[in-house]
Every structure is written in C-alpha cells, then in structure tokens.
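Here's the structure we're looking at; comments come further down.
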Amino acid sequence: MEGKMKVALMTEIGKIEYTERDIPTPKDDEVLVRLEYVGICGSDLHYYETGAIGNFIVQFPFVLGHEPGGTVVEVGKNVKHLKVGDRVALEPGKTCGHCEFCRTGRYNLCPDVVFFATPPVDGVFQEYVAHVEDLCFKLPDNVSTLEGALIEPLAVGFHAANQGGAHLGQTAVVMGAGCIGLVSIMALKAMGVSRVYVIDIMQKRLDKAMELGADGVINSKDVDAVAKVMELTGGAGIDLAIETAGTEITARQAIQMAKKGSTIVMVGYNKRDETSLPMNMALDKELTIKTIFRYRHIYPMAIDAVASGKVNLKGLATHIFDFDDLQNAMDQSVADKANIVKAVVKMTKD
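Residue numbers for the sequence shown follow our numbering, beginning at -6 and rising by one.
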C-alpha cells in the first residue's frame, strides 16, 4: 500500500506534534495493520513526563504507544495464517530467536528485543504498522480491536498470576488498583483464585476493582491494610500477593500479610532503585519472592479468556480519546490518575 500516514511525535518532554511518514511496506513474513486502538501505558506516561526509564533514554522525536489492536490490510508473500480483513492484537516485542533465553522459551528476557516505544524503537501512535505475522494474533469474532489493544496489559496480569502459581482455593491480595493491578485481578479470577482483595489509596480505583471482579477492597489511606487483611483471613494471612504499586510500603505490607510458605510476585517498578524490606520476616515465613518482566507465551491464553467471557476487558478502559487529541489524552492521563485508570486512543474516524 502506497501513501502517507499520520504519526504522532513526542518532540520534547510533554509535547506531541503530528507529521506524515510513508506507510510502511510489509516484509515477506510481515503483515500491514491499520491501527484502530492503542492503549496508553504507564511507561508511555513516564517517558512523556521524564524522557527516560532507567537506561532507556528518549532521543527526540520519538513515537510512543505499544498496546495496539487493528485490522490487516496487506500481507507479505510468506504469510500463511493471516489474511486481509483479519482483526489482530499485536504483541509488541520482536526477539532475536537465537539467544539462550529465546532458545529456552524465555523470550521476554532476550537482550536484543525490539519492542515498540522502548528507545530507540518507535512505538505505534501512527495509522499503520508492519509487524511479523507470528506476533499478530487473530481475534475471534466476539473480541473487538479495542479489547485487542488491551490484550497487552492483560498479558502482564496473566504472567504475574502464572509466576505466582495462582489456583483454585487461594486467597490473594493485589497491591495497587491501577491498570496492571486491575488486569491482575481479572487474571487471578480467570485462573480460579477463590478470593481476591485489592489495596489502594484511591477510592475510584477501588470501585473499578470491585466492578471488575474483586471480592473486597481496602483503602489503606483510611485503615491499616495489614490488620484488615489479617482480619479478613481469620489471622491466617494470604496465599499469594501481586505487588503492582511499586512502592516500598506496599512491598513491606505484602511480606507482613503473607502466610507462611506463600508467594509474593513483584510487578511494579519502584521510583527508587533500592528498597528496604523486612527480610528476616520473609525468611522466618519461608516466602517465595518472584519478579516478572513483561510476559511470554500469553497472548493466545489472554485472548481466549476474553472470548470466553472470563475477563471483561471492555470494562477496563475508563476513557477513550481520539488520535487527533493525543496531547490532551497524555496530559489528562498524567494530571488525573485518580479518575483515568486506563486511557485508550481511537486511531480511526467512524
């Protein structure tokens, strides 16, 4: 397909401008996707506010966005499983396929991954993108491209639940009711966890957590979260904690409320590189502490969970902005985090 496409550029910290670029031509193993929805991730906001995450430093101009859903409009000559008109969710990271981690199935740890909107790789706040067929997952008829865009954060939630060994009969706590906390709730419930409690300091986010399947919520601004969890569990503590808030206090609380022999999965990035934890308590309880980095082998499972009705992804998006309004979408998402739990950008006009 020849022609130009509209692209949103981050030209400096906190500033979005539009330009035109050539519509990309798909390689033999790629498909060209007309993007319909792209989610705004916390990492997008962090780059937008600060220009960097750790060692990943933005070189301007830069294209944000890595949570895409859309429709195939062209296919390369070696593409076998997708055709024009198929609606797809795009997994944003292309790995090398040859390193130790790729060869052992842990491709999310590949040191040479090319990942949308991770400097220096541009993201997908643009009208079209060419992407390898193997990373474009066909959506069932009852799953929209809006939901397709939200498969990416849902994959994080499922990876966290998998790392924690989530299963029927457990009582779990999710620390933080932002987007990743909410998808973790849905993943835990889809995997059969019996009771999921959620802790946050923003009541509207806790209300959204209840809407999406939490069994109870705790506003730790008003009550002692650890004492409340111990009360809810009859003094036993919880079997599994998913820590998504990325703060020292919530990490400490997770250890304090954990049952002996239980598991804590650390998901949220802390603003500081170092965190002080009650390790003697963790040792006494023989806790298993795990971490996650993105996800692996999750998209088919996540799409099936949405298609079967086990996960309500439509309920996750609290605000939808037009592509022409991306500057405002980013500014509002930064300024109003209590109300804008998950913003999605509609890339096409009706």
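In this text, a Cβ means the ideal position worked out from N, Cα and C, and glycines have one as well.
Asked, Found
"Do Ala170 and Phe151 have their CB atoms nearer than 8 angstroms?", "no"
"How many angstroms separate the CA atom of Tyr288 from the CA atom of Val81?", "18 angstroms"
"According to DSSP, Tyr190 sits in a beta bridge with which residue or residues?", "Val166 and Gly209"
"Have a look at Lys278, Val107, Pro113 and Leu139 and flag the residue whose alpha-carbon is nearest the alpha-carbon of His124.", "Val107"
"Could you tell me the distance, in whole angstroms, from the CA atom of His160 to the CA atom of Glu84?", "26 angstroms"
"Going by the beta-carbon positions, is the gap between Glu60 and Leu128 smaller than 8 angstroms?", "no"
"Please give the ranges of any beta strand (DSSP E) in the region 65 to 129, keeping only runs that are unbroken, at least 3 residues long and fully inside the region.", "80 to 83 and 121 to 125"
"Does DSSP put Tyr288 in a helix, a strand or coil?", "coil"
"Got a sec? Which residues, its chain only, sit under 6 angstroms from Gly69 by beta carbon, not counting five neighbours each side?", "Pro19, Lys20, Asp21, Asp22 and Glu23"
"Check Glu(-5) in the structure and name its three-state DSSP category.", "coil"
"Can you check DSSP and say which residues form a bridge with Lys8?", "Glu5"
"Contact between the region 244 to 255 and the region 267 to 280: three or more CB pairs below 8 angstroms?", "yes"
"Using alpha carbons as the reference points, say which of Ser301, Ile291 and Val258 lies closest to Ile282.", "Val258"
"Under DSSP, the alpha helix (DSSP H) around Thr243 begins and ends at which residues?", "Glu241 to Met250"
"Does DSSP put Met195 in a helix, a strand or coil?", "coil"
"Alpha helix (DSSP H) containing Val337: first to last residue?", "From DSSP, Val337 is part of no alpha helix (DSSP H) but of the beta strand (DSSP E) over Ala336 to Lys339."
"Which first and last residues belong to the alpha helix (DSSP H) in which Ala153 is found?", "Thr138 to Gln156"
"Helix or strand or just coil, what does DSSP make of Ser255?", "strand"
"Can you tell me where the alpha helix (DSSP H) holding Tyr30 begins and where it ends?", "Counting along the chain, Tyr30 falls outside any alpha helix (DSSP H), though it belongs to the beta strand (DSSP E) covering Glu23 to Gly32."
"Assuming the contact rule is C-beta atoms closer than 8 angstroms, Ser177 and Ala148 should be a hit. Round their C-beta distance to whole Å, please.", "That belief does not hold up - the Cβ atoms of Ser177 and Ala148 are roughly 11 angstroms apart, past 8 angstroms."
"At a cut of 8 angstroms, does the region 297 to 313 reach the region 194 to 206 through at least three beta carbon pairs?", "yes"
"So, Val136 versus Val167, is the Cβ gap smaller than 8 angstroms?", "no"
"When you compare only the Cα positions, how much space is there between Ile50 and Asn212?", "35 angstroms"
"Measure the Cβ-Cβ separation of Val66 and Val26 and say whether it is below 8 angstroms.", "yes"
"Excluding the 5 residues preceding and the 5 following Gln156 in the sequence, name in chain order all residues of the same chain whose CB lies nearer than 6 angstroms to its CB.", "Val258, Lys283 and Ile285"
"Here's the rule I'm using: 16 or more other beta-carbon atoms within 10 Å means buried, otherwise exposed. How should Gln246 be labelled?", "buried"
"If we count the other Cβ atoms within 10 Å of its Cβ and call it buried at 16 or more, is Met272 buried or exposed?", "exposed"
"Who are Asp15's beta bridge partners in DSSP?", "Lys(-3)"
"Rounded to the nearest angstrom, what separates Pro356 and Tyr292 at their Cα positions?", "This structure gives no information on residue 356, because the portion of the chain shown stretches from -6 to 343."
"At what residue ranges does the region 287 to 317 contain a whole run of the alpha helix (DSSP H), taking only runs of 4 or more?", "292 to 300"
"Just to confirm, are Ala322 and Ile46 a CB contact at a threshold of 8 angstroms?", "no"
"With 16 other CB atoms within 10 Å as the buried threshold, where does Thr138 fall?", "buried"
"By the three-class DSSP mapping on this structure, what secondary structure does Gln217 have?", "Sequence check: residue 217 is Asp here, not Gln. Coil."
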